[in-house]
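Have a look at the structure below, then the notes.
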Amino acid sequence: MKTDNSSSRIEQDLRRRAAALAPGAALPSVRALMRDMGVGPATVQRALRQLAREGVLESFPGRGTFVAAPPALATGGDTLWQTLALGPARTGAADLLALSELPPAGAFPLHAGYLPPELRATSLLDVAAARALRQPGVWDRVPATGSAALRRWFAISIGCPEHEVIVCPGTQPALAAAFQALAAPASPVLMESPTYLGALLAARAAGLVPVPVPTDGDGVRPEPLAAALRESGARLLYLQPTHANPTGASLAPARRAAVMELARRHGLFILEDDWARDFSLAAAPPPLAADDPHGHVILLRSLTKCAAPGLRVGALRAKGAAFERLRAARVAVDFFVPAPLQETALNLLTAPSWPRHLRRLQAALRARRDALAAALRQTLGEACLDRLPTGGLHLWLRLPPEADDEAVTRAAARRQVLVSPGRAWFPAEPTEPRLRLSFAAVDPADAPTVADRIAEALREA
Ligand SMILES: Cc1ncc(COP(=O)(O)O)c(C=O)c1O
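Take any residue in the sequence shown, note its place counting from 1, add 993, and you have its number in the working numbering.
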């Protein structure tokens, strides 16, 4: 009891001394403290240990005892040293991170790039995943190019031989691998303007320099493309020929031949992002890769869009040395796509109910596209949309020339309508103010409310 009392008295005394000193200042030696306080060494040591446990003091054997840094710094950590270690920022992902943010309850998430929960293949996936997990050896390693059965499925769907397919964890990592594998750092890469901002980010992260090429309602324009090829010497073009994100435009048939001719003439790789094939609301032409005997086209497909965001499985198709480069780039990052995901994907894609899911999905998307487009045109005028996209998930809303897309985005968010400002989708300065809106996110019954709130936001901003 006596020891306890004197311990707490010593602890309090030490606490007072520590409070009077700056962080990092040394305390007197144990011998000096014994003398000052009139207690033995064990009592002093016990009190020092207690205060070290509380984070008030720090003891270093052989050097002494010091006042610890304040708790905020000690628990939060001081990461200022990283400023020097990291140097200037090379890429910023703020726009892509904003798109990935989960919406607060009650908001209309028109900024989304994926299907809303009610349109996803969730119950089919539950069954497919349960079957996959019952398979023996499902946690084993898988070949880096993917399971043979899933490669075969993608090969048939793309219209290419099985050995040209690599299974990937969705399109984004395949884009990162492709930009890294197909062009050396500091090389130019031709990009449609506007284009998918995740592709812009991946290209910049690989050290490439995006060169914008103008587009219109029929996709990329061949004459400026030819000029950009001559002037930049680029050997890589990122292209979305079918239902481009964000514009919804598809490459017109006559332009497809012109683009492939340019690729042959200039020795050009085309990175064909075929992300929206399953969202076609009218007959879509086959991918450019379906008629590419000489290996100019690297095709990217994904199941995250048409099934659910968590089914991070996709594929790329490439020929020749490019295939080998891509295989190396992929394995350098994450070896292979886990078998449970590959097996789940295969079970889903080969289930008799999968084509039914796609048909139902397309009908729902058509109804949502028509309802939101009609409500917007009624509220904002016919000219707010160039044309109805024949697929994809988005409308590319035109704002009045003097509007500030970011201010409108903020004003819409205050009204619980989340949208994506158009400027983030341009490789360089935006040519006009736009908003990207996911029509897939809006139930047709809510379309007038959403259109009204966007109109209010526009007036406010
Ligand atoms: C055009 C386009 N390509 C690729 C991706 C990446 O998709 P994921 O990595 O989920 O397959 C997206 C996602 O929004 C996209 O819009």
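Even glycine gets a Cβ: it sits at the ideal position worked out from N, Cα and C.
* Quick one: does the C-beta of Q1106 sit closer than 8 Å to a heavy atom of ligand 1? -> According to the sequence provided, residue 1106 is Gly. The question's Gln does not apply to it. Indeed, a heavy atom of ligand 1 lies less than 8 Å from the Cβ.
* Return helix, strand or coil for G1191, following the three-state DSSP convention. => Judged by DSSP in its simplified three-state form, G1191 adopts helix.
* Hey, would you say A1405 sits closer than 9 Å to R1446, going by beta carbons? -> With a cutoff of 9 Å on beta-carbon distance, A1405 and R1446 are scored as near each other.
* Near ligand 1, which residues have their beta-carbon closer than 6 Å to a heavy atom? -> Cβ-based neighbours of ligand 1 within the cut-off: G1106, G1163, T1164, Q1165, Y1189, G1191, Q1233, N1238, D1266, W1268, S1295, T1297, G1307.
* Identify which residue in R1370, Q1335, P1382, A1448 has its Cα closest to the Cα of R1134. => The residue with the shortest Cα to Cα distance from R1134 is Q1335.
* To do: From the DSSP output, read off the bridge partner residues of G1212.
  => Answer is D1209, bridged to G1212.
* Asked: So what does R1294 bridge to, in DSSP terms?
  -> Residue pairing for R1294: DSSP places it in a beta bridge opposite A1308.
* The alpha helix (DSSP H) enclosing W1347, as first and last residue numbers -> Its alpha helix (DSSP H) spans residues 1346–1373.
* **Host beta strand (DSSP E) of T1036 (start-end)** => Where T1036 is concerned, there is no enclosing beta strand (DSSP E), although the alpha helix (DSSP H) it sits in stretches over 1034–1046.
* DSSP state of S1140, grouped into three classes? -> Coil, per DSSP.
* Which residues in the same chain as Y1189 place their Cβ atom closer than 6 Å to its Cβ, once the five residues preceding and following it in sequence are excluded? -> Leaving aside the five residues that flank Y1189 on each side, the residues in its chain whose CB is nearer than 6 Å to its CB run, in chain order, N1238.
* Going by the beta-carbon positions, is the gap between H1104 and L1118 smaller than 9 Å? -> No, the pair does not count as a contact, with Cβ atoms beyond the cut-off.
* **DSSP beta-bridge partners of M1477** => Nothing about residue 1477 can be read from this structure; the chain reaches only from 994 to 1454.
* To do: Check V1410 in the structure and name its three-state DSSP category.
  => Residue state, collapsed to three classes: strand.
* Identity of the residue in P1215, A1221, E1216 nearest P1205 by Cα -> Taking only the C-alpha atoms, the option nearest P1205 is A1221.
* Asked: In the structure shown, what three-state DSSP assignment does K995 receive?
  -> Confidence at K995 is low in this model, with a pLDDT of 45, below 50, so its placement is unreliable and no value can be given for it.
* Taking all protein chains shown into account, decide if S1186 is buried (16 or more other Cβ within 10 angstroms of its Cβ) or exposed. => The residue is buried, with at least 16 neighbouring Cβ atoms inside 10 Å.
* Nearest-angstrom beta carbon gap, L1339 and A1098 [assumed within contact, 8 Å] -> The beta carbons of A1098 and L1339 sit about 35 Å from each other, so the pair does not count as a contact at 8 Å.
* Answer yes or no: does any C-beta atom of chain D fall closer than 9 Å to that of R1318? => Absent from the structure is chain D; it holds one protein chain and no more.
* Cβ-Cβ separation, F1101 to V1443 (assumed contact under 8 Å), whole Å -> Indeed they touch by this definition, with Cβ atoms about 5 Å apart.
* **Cβ-based neighbour list, V1326, same chain, cut-off 8 Å, excluding 5 preceding and 5 following** => Correct list, in chain order: P1166, A1169, A1170.
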